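Just so we're aligned, residue 56 is where the sequence shown starts under my numbering, counting upward by one.
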Amino acid sequence: MAGERDLDKLLASLSPRLMDDDFVFCTIKDAKYGDFAELSPLASFREEEGLTLLLTKEKADKAGFKYDSIFKCITLKVHSSLEAVGLTAAVSRQLADRGISANVIAGYWHDHVFVPAERADDAWSALKDLSRRHAERFRQMADGRLGDGQCFPPGL
């Protein structure tokens, strides 16, 4: 099933969900895929410096891995297309405007935004606000209060 490509529709229906676990990014030099399968990493990526694993903090601590920062995951429950244009930029800008870093990973069904753990509630609120504003635009269009040719008011 293909995901949504229309940016306005995506933003209006983000449905951000803040996950409970703490996550960390760990890089293991000279490792290869499968070496740490027992840790069930949420994601992994081969880089020049080694194999980067995205793990729960608990699993990384038990394995003795080092990490720099602790993150929370906000999953955008909207089913976005991998070919959708602008979703990552809009989400990143919303968070950047509030001084919150964002590390975005796109899955087939959903996008997952990793934010500093200490700013997770602020980030979740910011994304809920972004979605609410876009949903309000659609309601205004449906009610005839905003014409088809009109753009979002500034800041939407």
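Every residue, glycine too, gets a C-beta built ideally from N, C-alpha and C.
These figures come from a predicted structure and were not determined experimentally.
Exercise for the section: For residue 179, collect the residues of the same chain with a Cβ closer than 7 Å to its Cβ; drop the 5 residues on either side in sequence, then sort them by chain order. Expected result: 71, 73, 129
Measuring straight from C-alpha to C-alpha, what distance separates residue 77 and residue 118?
15 Å
Rounded to the nearest angstrom, what separates residue 79 and residue 187 at their Cα positions?
30 Å
* **Enclosing beta strand (DSSP E) for residue 148 [first to last residue]** => Element bounds for residue 148: not the beta strand (DSSP E) but the alpha helix (DSSP H), 142 to 151.
Item to complete: Any chance you could list the beta strand (DSSP E) runs of at least 3 consecutive residues sitting entirely within the segment 163 to 192, in chain order?
Response: 166 to 171
**Item:** DSSP state of residue 138 mapped onto helix, strand, coil
**Value:** Correct three-state label for residue 138: coil.
Residue 135 and residue 166: beta carbons closer than 7 Å?
yes
For the segment 87 to 139, list the beta strand (DSSP E) runs that are entirely contained and at least 3 residues long, ordered along the chain.
98 to 102, 105 to 111, 126 to 131
**Asked** From what residue to what residue does the alpha helix (DSSP H) around residue 212 run?
**Response** Because the chain spans 56 through 211 in this model, residue 212 falls outside it and cannot be assessed.
Around the C-beta of residue 148, are 16 or more other C-beta atoms found within 10 angstroms, so that it is buried, or is it exposed?
-> exposed
Quiz item: The beta strand (DSSP E) spanning residue 160 covers which residue range?
Solution: 158 to 161
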